[in-house]
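So the structure is just underneath, and the comments pick up after that.
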Amino acid sequence: MNFSSDSNHSTEKRSEDRYMSCIPVLIQKLHSSQICECTLINISQNGCAVRIEKGKIQFKTDEKFLLLMDPNLFDFKDENTIKFQCTCKRIDFEKNIIGATFVKNQKNNFEYLTKILNYFKKISENEY
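Quick note on numbering: the sequence shown equals residues 1 to 128 in UniProt numbering.
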């Protein structure tokens with residue numbers, strides 16, 4: 001893989017279960033109106049990976065962005081949009097994949113993330 005150089009890459013936690021998802025999501029750079037539709041490739045308690053269409057949006061390591069999900073996909077009735085603030089940690093330029101960690105201490109995110117991970121866990125275990 002052709003990852004950008006990042007000194008934190010080797011220290012990133014990989015101990016949590018990661019679940020394949022392949023659902024459509026939006027990403028928005030912080031302090032920008034630029035929004036891009038992409039595919040959530042996988043998700044864990046610590047972070048996620050998204051595939052972006054080549055040339056749609058450019059990221060640098062350590063750049064912050066919002067991951068926006070449709071709450072109807074997970075039966076969340078109380079929100080219009082599920083938002084996770086993320087920090088880009090690695091970029092695969094060949095596959096157009098961004099790996100990111102979640103910024104901690106976000107409102108309601110632990111609860112949402114737990115439900116989302118359980119949803120994907122059931123899918124991966126063929127319970128749906």
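Ideal Cβ positions, reconstructed from N, Cα and C, are used throughout, including at glycine.
For clarity, every value in this text was computed on a predicted model and none was experimentally measured.
| Item | Value |
| --- | --- |
| Taking residue 37 as part of the beta strand (DSSP E), name the residues at either end of that continuous run. | 35 to 43 |
| Please list the terminal residues of the continuous alpha helix (DSSP H) segment that includes residue 116. | 109 to 124 |
| Would you mind working out which of 65, 121, 43 and 124 sits nearest residue 33, comparing C-alpha positions? | 65 |
| Where do the N-terminal and C-terminal ends of the beta strand (DSSP E) with residue 83 fall, by residue? | 82 to 92 |
| If you draw a straight line from the C-alpha of residue 73 to the C-alpha of residue 82, how long is it? | 10 Å |
| When you compare only the Cα positions, how much space is there between residue 110 and residue 104? | 9 Å |
| Give me the DSSP bridge partner(s) of residue 28. | 35 and 66 |
| Tell me where the beta strand (DSSP E) around residue 50 begins and ends. | 47 to 51 |
| With burial defined as no fewer than 16 other Cβ atoms inside 10 Å of the residue's Cβ, what is the status of residue 93: buried or exposed? | exposed |
| Judging by CA-CA distance, which residue of 43, 26 and 38 is the nearest neighbour of residue 52? | 38 |
| Under the rule that 16 or more other beta-carbon atoms within 10 Å means buried, what is residue 30, buried or exposed? | exposed |
| Which class does residue 59 belong to by DSSP, given the choice of helix, strand or coil? | coil |
| Taking 7 Å as the limit between beta carbons, can you name the residues of its chain near residue 119, skipping five residues before and five after? | 74 |
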